[in-house]
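First up is the structure itself, then whatever we jot down about it.
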Amino acid sequence: GVIEPVDCSDWASPLVPVMKADGTLRICADYKATLNPVLLVDRYPLPRIEDVLVGLNGTKVFSKIDLSQAYNQVELDDSKSFTVINTHRGLFCYNRLVYGLSSSVGIFQRIMTTLLQGIPNVQVFLDDVIIGGRTKDEHLQALESVFQRLSDNGLKLKEQKCVFLVDKVKYLGYIVSKDGIKADRSKIKSILEMKRPSNVSELRSFIGMVNFFSKFVKNFSTLLVTLNNLLRKGVEWNWDEECERAFLEVKRSLTSTDTLAHYDPNKPLIVTCDASAAGV
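For the sequence shown, full-length UniProt numbering gives the first residue as 1, with consecutive numbering after it.
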């Protein structure tokens, strides 16, 4: 099983509920004040999303797979004795990799990258795996290789979150197709529904969300100048008409985002740049 009871332990971390994207709850151990401060963290890097998407250049057919309870499919060794949690039914330790450990992300990315490396047109971001193909036959060969390696290692998929043999697919906040990438409209919808910020913290949250899609909007940094000025140290909060106009204009700009073509390293690359006192 994922957990097993223990009689005693030098370590005992509390539990915390976390809401998942599908509305269900995930019960996680809260290691931030217990185990995480003393861990030698696995720093294996997550890939840059831009690099993941570049790897899909030239592909026309797509599939996306998602692992079921991904971390919990990785068995722990003797170090599991440190993962003890304190519950109303006593102490338990994890037999599987657990959400909340500062090393879990690096460990899992390393495993998945190593497991699927060498298969053409396969990109991995934690448990989100996208498979591309220039033709249907090429794509099916890649899918077969992925399934075989997952099966050989006892990894299971979450059927409801898998998509197969489509010409476009949602992946990491974008819509990916043979033409390139577009902003996911469902993600933009949540930004458009945000109320005007009433303090610096809310404004910083808004800007953080819209920056994710900045690459799709021309002169986006210039649009944000007025709002960014409110985040400067020592500036008093004053949401005036100019801020309101900028806030609405930023939202409006996100409603007409373009498709960005996949970067092709085999084609000539032209770099142009411009700058002003307000933006680059």
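Note that beta-carbon positions come from the ideal geometry of N, C-alpha and C, so glycine has one too.
Spanning the alpha carbons of S81 and V98 requires a straight line of approximately 12 Å. Taking C-beta atoms as the reference points, G133 and T59 count as a pair closer than 8 Å. C93 has E4 as its beta-bridge partners, per DSSP. Membership of I175 in the beta strand (DSSP E) is indicated by the continuous run 174-177. Judged by DSSP secondary structure, I49 falls within the alpha helix (DSSP H) whose first and last residues are 49-54.
Leaving aside the five residues that flank L260 on each side, the residues in its chain whose CB is nearer than 6 Å to its CB run, in chain order, G180, I181. For D264, the CB contacts under 6 Å within the same chain, skipping 5 residues up- and downstream, are N57 in chain order. With fewer than 16 other Cβ atoms from the protein chains shown falling within 10 Å of its own Cβ, H88 counts as exposed.
If you check the CB distance, L254 and L230 do not come in under 8 Å.
Sixteen is the threshold: since fewer than 16 other Cβ atoms of the shown chains lie within 10 Å of the Cβ of G154, the residue is exposed. Under the 10 Å beta carbon count, L39 is surrounded by fewer than 16 other beta carbons and is classified as exposed. Check the Cα spacing between V52 and each of L150, V124, S68: the tightest is with V124. Between the C-alpha atoms of K218 and N211 there is a straight-line separation of about 12 Å.
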